[in-house]
Structures are given as structure tokens and as C-alpha cells.
Amino acid sequence: MRSKTTIIRQLSWSISEIRHANLWPVSVAISLIIACIFAITALAERVEQAVVKQGKEALTADTVFVSSNPIPSELVQMTDSGELITAQQTRFATMAFSDQSMKLVMVKAVDDRYPLRGNLILSNDQDTHVNVRSGELWLDERLFAILNITIGDNVTIGDANLQVSGRVVEEPGMSFNPFQQMPSVYIHSSDLDKTGAIQLGSRVRYSLFINGEEEAINKIKQTLKLTPSDRWKDQNTSSRTSEVFERTEQYLSLSVAIVVIMAATTLVFTCQHYVTSRRKTIAMFKSLGASKTWLTRWISMQIMILLIAAVVVGIGVGILLEFLLRIPLVDLLPSPLPDYGLSPFVIAIVTSVLISTPALGIPLQRLLTISALEVMQPNTHTKRSRWTLWLLLVPALPMLWVYKDNALIWVVLGGIIGLLIVLALVSVCMMKAMATIALPTSFKLALSRMNRSPISTGLQFGALALSLMLVAVVWLVRSDILSDWQRTVPVDAPNAFALNIAPYEKDGYLKAIDDNGIERSKAYPIIRGRLSKINGKEAKNAAQGGEGTDVLRREINFTYSSQIPEHNVVLTGDWTSKHGVSVEADVAKDLRLKIGDSLEFVINSQVITAEVNSIRQVEWRDMKPNFYFIFTPDVLKDIAATYLVSFRVDENQDSFLNDLSRSYPTVSLMDIRQMGDKIQQLLRQMVSSITLLAGLGVIAGILLIFTLLRLSLGQRQSEVRLYRTLGASKKRVTRTIWAEYGLLSVMAGLIAVVGAELVVAGIISFGFELSPSLHFSMWFVLPALTFCTLFLVINSLLNQLLSPINKEFT
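Just so we're aligned, residue 1 is where the sequence shown starts under full-length UniProt numbering, counting upward by one.
As C-alpha cells, this is what we get:
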């Protein structure tokens, strides 16, 4: 009974101690850690499923084998097993003829099982179908107006005269390459030979779609020997939106790491302050006979109360945060949503416990070893146990294992550790330098105090500047990612491409566009060919992967011009007027090309040579006509070319596009407005999601800054009492406090901006592979944010600091 009463009494004292010792930041910090980790762990699973789903649906399979040659019989035999499901497609361009018109189309001959993933929706205006059967012909919606036909009419594809079965409502795997978006025509593979369109030398793409276990697919990939015309495609290479998803996931990981670091720092400082403020309390308990066991139980009870409260609040906030984070992504996530499972709960709670172990354990162990003599003789030396430092390994070892391959996290952590030291040293040097300047009395007193304890001042500056820097990093990385994403299909980007414009109809076609007041690009001549040799050696031997290897696998589009396009940036070299070729930067890097190299190309069985005169940076996402190689006009003057032009049309100009297609039936007109709208919608959703997370990071940073300033001011009470005892007025004390902490906030803010610019540059360059830039607005915003937080802290504590003295002197 006595034991139960003792426990109840300890519980009551523990709750009272938590309330009076300002331990609420401990619970808030742990709650923040749990909420962030829970929300991101739960969301990451859903985003990952969306990435995989989106990527595989773009492929219409788990993996695709693509070749310009027929599918090898060896591969067909290897995939002909119960473990794998396959489908085939043969794709080629040819003319489609009706009685009234004709059009260049992309024929897709597929088998009964196509598509393995995604949706192929076909409609005859009465029924809906999802597969193509023998004898059927399904046409892109645009072809009905261009060819002036209806369902049931006959259309000739090559040598085959087929009856139109209906229209293609939805295709799987929409391509992001405008050169591959001619109107689609679907036929069955059994009707392929009837067309007679595939002859020796025809440009055909054969695809084998494969679904199955990753292990079985990888085994086939390792067994099959690829030719230069073959390649594998998976969800990581299928769609440019995968880059957006990947960077979003990277930012989520980065933001969570920074939020956790700031929350853990808040935890450490709060515990340190608690130990400092409760030394006399523990010493008094010991002097009254309290045993170490009793004190351990009492403190452990406080920790358990804080942890239980943090888990309940953290999980609740985490569920709400995960819900808010996925609202912008609702159209991208799989439906129905998968169940959380237990992993987010377990990961969040275990991580918070791992972080809390050294943050709470080390300072509280020192508190328990305080001598009872401190009641009479404050600040008695306390024996420190070295074994407690091993507690740092509790979170460190799991972190090493989890993030061993995440270079971005290590860049951030390395920057934090290095900059903490640098920021502390720089701030101390600046304070020393300022002490030599003639300043008002309040500032002199403030500087005198700060310079008397350089280590403490340095730590204060370093911690505050580091906190501000982390807040800036979260927000600036977000801003840089968004700036880059805005270049993915810009709002004013071209949304229509016209290909295969014959030289004799070029002027009339361009005039029709201009007469309707439509903004367009210049007309680029297009010639297809291959790069064969570099400085007399086989080009394939120079490939190192990436864009260069992709260029060598296939025929690509060349153009010639009297100058480099304005939307390309010349990195090295100068444009020449004769015998020259300008090379795109990634291709030049992958093939190790330099200015002056001699390149040999095969175009329509002709061998063409040119010398590299410049290397260009190309932004492929702006949807403007871009090319790997641009020749001077003299190199290709004797080779026939068709023309390409891009332009932008509004939603109300559909009739213009239809009239243009009828007037120029041999021109391939590609309307990519739907694709652009989908990408813009995707980006808006991603922006909303990472902005919400960035806001959470800023809140965590402000909490840390508030805690640091509040704890620092709380430690000043004895000094304030001394100033008042020596006759300092309330006004003078207030001015000195404002001078000291005003200097601290402004200087820390400026130092933090410099640190943030360096860290963000490293993260953006190495983590996201983007070009860093300066953020001039942050040079004003960050010091202002610190000063506003300081204003709130000082106003909340100033009366508390001065009121005991006021009462004492009345």
C-alpha cells in the first residue's frame, strides 16, 4: 500500500515538475519527430506505388524489349513460360488513304494480349472494347476529320483495304516525344503482312512487352546479348514525369531529415536547460535523503509521461499531416489506397526513441550524479560518466545503415557539422572586431558580456545561425526545384508540331499559321541519319552511357541552320559558316567530344563529315524544336529534307487545326495540348505537396529558434538581478538585452544566409543535378524572421525577468 502511495505521489510530482520546469518543448520536439516520420513513411509508400504504376503504365508492361529488328526467337523462347506474360507490337509509319484524302499515320500492329498494363479503350459509338481483334481497324479521333470518313467506311493501309471498326478513345503509355505522336492506327498482328508496308530498309520498331517477377526478368536481361539496335526499357526510363517523382521523393527525404535534426536539436537544448535549472532541486532531494534509485524512478516517470504524450500527439498529427500531404496528389495515387499497415507506426516510434535516447539520457545521467553539496555550494564539479557518450551510437548506427547510399543526406549532415564550427568561429571573430568600434553604451555592455565568454557566445551564435540556415535550406531547395519544374512544359510552350512539310508546301503552310496570328518557331529542315565515326574511329567505342549511347542506337533527326537557335546556349566554341556541326552538351560529354573533332555521319546511304565547332546546352523540356546535332548549311545542301515547325494554339482553335490538316494531308500535325495539360496538373500537385512540407520545416525551425532564444534569455536572470543591484535602471537593462540579442539575431541571420547559399548550392548541384543560383531576397527575409521571433521571445520573457527585481526594490 505504501509502495502504491509512493508511486502515486511520484506521479503527481512528475506531472507538477513537467508543468513548472517548462518541459513542454521536449514533448513538442518528440511529437514533431514522430509526426514527420510517420507522415512521410506512409506517404512514401503511396508515392512509390504511384511512381511504379505510372512508369509501368507508360510502358504498358513491367519491362519492354525494343529493337529495330524482329524480336529474336531466342528471346521469345525464354519468355515463353508460365512465369512471364508477354505481348508484341510492331510499329511503323505509313500512309492511310480514304476516298477523299490521305494522311501519314503511325500503325501499331498488336496481338490479343496487348496492353499488359494501362488502358486501351476502343469505341464504335455503341460498345467499348479493350483489345484489337483480327480484321479490325481502329483510328485516332483526328483521322475521322482529316480523312473525312465515318465508322464503317474503308481505309487503305499500305496494300490492305480495311473497314473502320471505330475510334481510339484512350491509348496506354502516351509518349512525351512529339516526333512520335503521329495519329495512331491500330490493327491486329495477323493483318500485318496484308499491308505490305514492311519492306527491306523500312523503319520499324518491334516491341516485346513482358510482365512477371523482377528476378525472372533480370535473368533474361543478363542472358540475352543485345545488338546495337536493341535495348531494354523499364519504369525508370519510360517517362519524363518519373524525374519529377524522383525529385519529389528526394525533397521529402531531405525535408524530413532537416525537420528531425531541428526537432532533435530542440530536444537536446531543452534537456540541457532542464538539467541546468534543476541542479538545486536534485541536490535538495539528495540532501533530504532521496536515493539515486528514487530519483531515477522519478525522472524516468517524467520521461515516460512525455514520451506517451508525444506518441499520442505525434501519431495524431502524423495522420493529419499525411492526409494533408496527399490531398494535392489524390489524382496520382492508386485507388483504392492501400492500408498503412504497422510499419509507419513502428518506424516513427522507434526512430523517436533512438533519437531521444542520447538527447535525454546523457544530460539526465549527469543530473542524477549531482552532489548534495550543491545545496550549499552551487556549481560543484559533477563527475561525468564516459559510458553515456556511447549512447550517441544508438541513433548513429541505424542512421548509417538506412542512409548509407543516400549521398544527399550526407551532404546535408556534413554541411551542418562543418558549418556549425565555421559559424561559431566567424561569429566570435565578428564580435571581437565590433568591440573596437565606437558604439552606444548598451551595445558596448552587450559586446563586453558576449566577448567575456567566447565559447558560450560561439555556441549560441553557431546554434542560432545553424537553425536559421536549416530553415533557409528547406525553403530555398523548394524554390529551386519549383523554378526548375516551371521549365517543364512552360505555360507558353508550343503545343502543336507540324512534321514532314515538303519544301514546295512550306511557304503556304507557314502563311496559313501566320494569317491566323499564331506564334510559331522558324521552319527547321529535318534529315534523319546516324553518327558512325569520331575522328576516324567507330563511334560506338566512345559511348559511355546516357544520351550519347542512346544517340548511337538509332537514327536521329538532324537539321542545318545559318546560326544556333536563340533558345540554345553555347558553352564552348564558336559557330562557323562552313563544314561545321554544333553538338548538344550531354552527347558531347558522353562521347568525349571536343572542339575540332571530326565526325562522320551516314545519311540516306551517303557519308557526310563535319567538324565540331561548338557545344550547346539544350533545355529539352521547353518543348521547342531541339536537336543533338545542328550542321552548317553547306554540309547538307545536297540532301533532300522535309521541314518542322512548332506553334501554340488556344482551346478555341480546333477548327483551324482540322482545316490545316485537310489542306495539307501529307503533313503530320501533332496536337500535344492534352499531354501538356496533364504535366502542368502533375506539377501543380507536386508543388502543393512539397510547399506544405516546406512550411512544416519552417515551423520546426521557428520552434527551435524560439527555444534557443528563450533558454538563452532564461539563463540571464541572475545577471539581470546583478545589474539592478548595481543600480541599472529597467530601461538600461532592457536596452542592453535588446542590443545583445539584436546583434545576435542580425549577425546570425546574415551568417546563416551565407551558409544556406553554400549548402543549397551543394544540394542542388549534387543531389538534384540542377544549376545553383543566388537568392537575394533571403538576405533580407532571414534576419527579419529572426528579429520577429526575437521580438516575441523578449516580449514574453522581459516582464518575467524584471518583475522579481521590481518587487524586491519597491
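Just so it is clear, CB atoms sit at the ideal spot from N, CA and C, and this is done for glycine as well.
CA-to-CA distance, residue j to residue i, given in whole angstroms
| i | j | result |
| --- | --- | --- |
| A512 | S532 | 39 Å |
| F400 | E214 | According to the sequence provided, residue 400 is Leu. The question's Phe does not apply to it. Near 28 Å, if we compare the C-alpha coordinates of E214 and L400. |
| N177 | S67 | Confidence at N177 is low in this model, with a pLDDT of 43, below 50, so its placement is unreliable and the value that follows should be read with caution. Approximately 18 Å between the Cα atoms of the pair. |
| D112 | S189 | 9 Å |
| E171 | R91 | 14 Å |
| V746 | F269 | 21 Å |
| T436 | L447 | 10 Å |
| residue 819 | F38 | This structure leaves residue 819 out entirely; the chain is present only between 1 and 810. |
| Q653 | F647 | 12 Å |
| T666 | L499 | 9 Å |
| L342 | A263 | 24 Å |
| L120 | W138 | 11 Å |
| L785 | E600 | 59 Å |
| L792 | P783 | 14 Å |
| S663 | V649 | 17 Å |
| Q163 | E136 | 7 Å |
| T150 | V569 | 48 Å |
| Q89 | V587 | 30 Å |
| V428 | I327 | 46 Å |
| N795 | F787 | 12 Å |
| R240 | A35 | Low per-residue confidence applies at R240: pLDDT is 46, beneath 50, and the placement is therefore not dependable, though the value from the model is reported in the following sentence. Roughly 32 Å between the two C-alpha positions. |
| T632 | P525 | 12 Å |
| G289 | M304 | 24 Å |
| A348 | L354 | 10 Å |
| K219 | R142 | 42 Å |
For residue i, the three-state DSSP class (helix, strand or coil)
| i | result |
| --- | --- |
| F176 | Because F176 sits at a pLDDT of 40, beneath the cut-off of 50, its placement in the model cannot be relied upon, and the point is left open. |
| V667 | coil |
| Y114 | coil |
| N626 | coil |
| A290 | coil |
| W390 | helix |
| F323 | helix |
| S448 | helix |
| G573 | strand |
| N557 | strand |
| S31 | helix |
| N161 | strand |
| S582 | strand |
| L644 | strand |
| T227 | coil |
| I501 | strand |
| S773 | coil |
| V105 | strand |
| A435 | coil |
| A197 | coil |
| A496 | strand |
Boundaries of the alpha helix (DSSP H) in which residue i is found, first to last residue
| i | result |
| --- | --- |
| P398 | L393 to V402 |
| G361 | S343 to L368 |
| D230 | Premise fails: D230 lies in the beta strand (DSSP E), D230 to K233, not in any alpha helix (DSSP H). |
| E651 | Segment: none, E651 is in no alpha helix (DSSP H) and carries neither H nor E. |
Span of the beta strand (DSSP E), counted from its first residue to its last, around residue i
| i | result |
| --- | --- |
| G529 | Y524 to I534 |
| I615 | Q606 to Q617 |
| A93 | I85 to F97 |
| V760 | Where V760 is concerned, there is no enclosing beta strand (DSSP E), although the alpha helix (DSSP H) it sits in stretches over K730 to G762. |
| L599 | S598 to I603 |
Per DSSP, the bridge partner or partners of residue i
| i | result |
| --- | --- |
| L593 | None; L593 has no bridge partner. |
| S189 | Paired residue(s): none; S189 is not in a bridge. |
| I121 | E170 |
| F285 | None; F285 has no bridge partner. |
| L139 | R167 and V185 |
| I155 | For clarity, residue 155 is Val in the given sequence; the question names Ile instead. DSSP lists L162 as partners of V155. |
| K537 | I534 |
| H129 | L122 |
| I210 | T63 and T86 |
Would you call the stretch 144-157 in contact with the stretch 89-99, where contact means no fewer than 3 C-beta pairs closer than 8 Å? Proximity of the stretch 144-157 to the stretch 89-99 meets the contact definition, three or more beta-carbon pairs being nearer than 8 Å.
Could you check whether the stretch 221-233 touches the stretch 104-111, counting it as contact only if at least three pairs of C-beta atoms, one from each stretch, sit closer than 8 Å? In short, these stretches do not touch, since the Cβ pair count stays below three.
Contact the stretch 471-483 vs the stretch 632-645: 3+ CB pairs below 8 Å: Result no; under three Cβ-Cβ pairs closer than 8 Å.
Are the stretch 307-321 and the stretch 362-373 in contact at 8 Å, needing three or more beta carbon pairs? These segments do not touch.
Count Cβ pairs between the stretch 592-599 and the stretch 609-622 that sit closer than 8 Å; are there 3 or more? Cβ pair count under 8 Å is three or more, so yes.
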